[in-house]
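There are 2 protein chains.
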Amino acid sequence: MAHTNTMPMGPWKITVYDQRHFQGRRMEFTACCQNIMECGFENIRSLKVECGAWVGYEHSSFNGQQFILEKGDYPCFESYMGSNSYRIERMISFRPICCANHKDSRMTVYENENMSGRQFELCDDYPSLQGMGWMHNEVGSMHVQCGAFVCYQFPGYRGYQYIMECDCHNGEYKCYRDYGTHSQTPQIQSIRRIQH
Amino acid sequence: MAHTNTMPMGPWKITVYDQRHFQGRRMEFTACCQNIMECGFENIRSLKVECGAWVGYEHSSFNGQQFILEKGDYPCFESYMGSNSYRIERMISFRPICCANHKDSRMTVYENENMSGRQFELCDDYPSLQGMGWMHNEVGSMHVQCGAFVCYQFPGYRGYQYIMECDCHNGEYKCYRDYGTHSQTPQIQSIRRIQH
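Chains as they are written, first to last, in the working numbering: chain A, 258 to 453; chain B, 258 to 453.
Below, the structure written as structure tokens:
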């Protein structure tokens, strides 16, 4: 059963299941889903990304914790989640990331809010920002010029995830509260490009 | 207090603490530690990697779950762990990764055990093996020719981690049981280089 919503016609496809290990009810999507409960699901407990890069959200209407979903099999909650002390076990909305896979992904991180203080331009994957010379474990603001990135709270792509896109907020994230509806700290220690 | 053990004199430094958030007893290391309990610690609850790339282990003598530790601050268990259903809350041994940062990191993944079946050569970071054309969610065996890599159970650098090095096992990992003392499945869906 294919369910198409508003938004792009691009090469995106995700199949979601209401039970772990690709069991139970299933549904295919090629565009965003604002509330899986409106499709009669209580929750999403496993999924397969077949095409494109997607973001999953803890709550409806793209709210709460975010998690990047790239091509592959996600048989259980642990496979979507980051390693957070606040352990989420729900995914209620999701959407494709339309500006992923930009050849020239490029963003600038700034020490302070409102794009001020020391800055560094990123165009690669950085499992440790401090390893590439960033002075501490926080980022005050950022600007995505091209493409899309995932920022993570801890080194090695761990902890809370924040999806940053050039075509959301005009690519401008002026303070840590802009990073996501769940962001409680400017702590960012690893960043990578989203490609598919 | 600096504690130096067997092994390299390279540019490695890690500071471990017996309480969360860099509190309590602290100790610095520039080489491997086989059992932190022999230093009077009950456990490691936070740490800072100041130089080099390291692997942490759940048990003494480099056994149990593995986790890559790159430059940065790890204030709590959640910051070292991957996103596993089996949640570990201990780190008892650790060691530097001596062959990390090799300019020409290179490995081959194979479909079946004993380096047989279809194969693919990797020399970059792959958040989704299926995204780069690998046919399923498993890797039967692998050979690291140069440098060091982290392999992950799920896409996007999630789930169990396996550190693979050209100078361990001669770089040969002939079946999934060679991936780590805790490996229970050949499931591998993302792989990246270790650099510092």
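The beta carbon of each residue, even a glycine, is placed where N, CA and C say it ideally should be.
Output the boundary residues of the alpha helix (DSSP H) element that contains Tyr207(B).
The requested residue 207(B) is not part of the displayed model; chain B covers only 258 to 453.
8 Å contact criterion, which Gly352(A) and Trp311(A) should meet: CB distance rounded:
The question names Gly, but residue 352(A) is Arg in the sequence shown. Indeed they touch by this definition, with Cβ atoms about 7 Å apart.
For Glu378(A), does the three-state DSSP call read helix, strand or coil?
Glu378(A) falls in the strand class under three-state DSSP.
Is it the case that the Cβ atoms of Asn369(B) and Ser398(B) are separated by a distance below 8 Å?
yes
Check whether the segment 403–414 of chain A and the segment 368–384 of chain A are in contact - that is, three or more C-beta pairs closer than 8 Å.
yes
Assign Gln452(A) to one of three DSSP states: helix, strand, or coil.
coil
Chain-ordered neighbours of Asn320(B) on chain A, where CB pairs are closer than 9 Å:
Counting only Cβ-Cβ distances below 9 Å, Asn320(B) has no contacts in chain A at all, with the closest Cβ about 21 Å away.
My output table needs one value for Cys289(B): the three-state DSSP class, helix, strand or coil.
coil
Nearest to Asp361(A) (by Cα), restricted to the options Tyr430(A), Ala405(A), Tyr433(A), Arg302(A):
Ala405(A)
Let me know the secondary structure DSSP gives Met284(B) once reduced to three states.
strand
Below-8 Å beta-carbon distance, Gly313(B) vs any chain A residue:
no
Counting only beta-carbon atoms, is Asn262(B) nearer than 8 Å to chain A?
Unreliable placement is indicated for Asn262(B), whose pLDDT of 42 sits below 50; the coordinate value is still reported in the next sentence. No, Asn262(B) lies away from the interface with chain A (no Cβ there is under 8 Å from its Cβ).
Short check: CB of Ile325(A) to CB of Ile451(A), under 8 Å?
yes
What in chain A is Cβ-close to Glu327(B), meaning under 7 Å?
Within chain A, the residues near Glu327(B) are Pro384, Ser385, Gly388, Pro412, Gly413.
Start-to-end residues for the beta strand (DSSP E) that takes in His398(A)
According to the sequence as given, residue 398(A) is Ser; it is not His. Element bounds for Ser398(A): 398–403.
Return helix, strand or coil for Thr263(A), following the three-state DSSP convention.
Low per-residue confidence applies at Thr263(A): pLDDT is 43, beneath 50, and the placement is therefore not dependable, though the value from the model is reported in the following sentence. In this structure, Thr263(A) counts as coil in the three-state DSSP scheme.
Taking 6 Å as the limit between beta carbons, can you name the residues of its chain near Val273(A), skipping five residues before and five after?
Met284, Ile301, Leu304
Partners in chain A for Tyr419(B), counting only beta-carbon separations shorter than 7 Å
Going along chain A, no residue has its Cβ under 7 Å from Tyr419(B), so there is no contact; the nearest lies around 14 Å.
Return the first residue and the last residue of the beta strand (DSSP E) that Phe351(A) is part of.
350–353
Going by DSSP in three states, Gln441(B) sits in which element: helix, strand or coil?
coil
Which chain A residues sit within Cβ distance under 7 Å of Tyr436(B)?
Neighbours of Tyr436(B) on chain A: none; closest Cβ ~18 Å, over 7 Å.
Just checking: is the beta-carbon of His400(B) within a distance shorter than 8 Å of some beta-carbon in chain A?
no
Buried versus exposed, by CB contacts within 10 Å (16 or more), Met364(B)
buried
Please state whether the Cβ-Cβ distance between His453(A) and Gly428(A) is less than 8 Å.
Not a contact, by the Cβ cut-off of 8 Å.
Please confirm whether Ser350(A) and Ile293(A) have their CB atoms less than 8 Å apart.
yes
Check each residue of the segment 273–294 of chain A: if its Cβ is closer than 8 Å to any Cβ of chain B, include it; give the result in chain order.
Of all residues in the segment 273–294 of chain A, none has a C-beta nearer than 8 Å to a C-beta of chain B.
Is the beta carbon of Glu327(A) sitting closer than 8 Å to the one on Gly390(B)?
no
Neighbourhood of Asn394(B) by C-beta distance below 6 Å, restricted to the same chain and skipping five residues each side:
Gln444, Gln446
Express the C-alpha separation of Gly374(A) and Cys432(B) in angstroms, rounding to a whole number.
50 Å
I'd like to know whether the C-beta of Tyr331(B) is nearer than 8 Å to at least one C-beta of chain A.
yes
With a cut-off of 8 Å, does the C-beta of His359(A) fall near any C-beta of chain B?
no
Any idea if Glu422(B) is buried or exposed, counting beta-carbon neighbours within 10 angstroms, 16 or more meaning buried?
buried
Less than 8 Å separating the beta-carbons of His439(A) and Gln291(A)?
no
So Pro446(A) contacts chain B; which residues on that side make the cut at Cβ distance below 8 Å?
In the sequence on display, residue 446(A) carries Gln and not Pro. Those within 8 Å of Gln446(A) in chain B are Gly329, Asp330.
Option in Gln376(B), Pro332(B), Gln418(B) with minimal Cα separation from Asn320(B)
With distances taken between CA atoms, Asn320(B) lies nearest to Gln418(B) out of Gln376(B), Pro332(B), Gln418(B).
Exposed or buried, which one is Pro268(A) when buried takes at least 16 other CB atoms within 10 Å?
exposed
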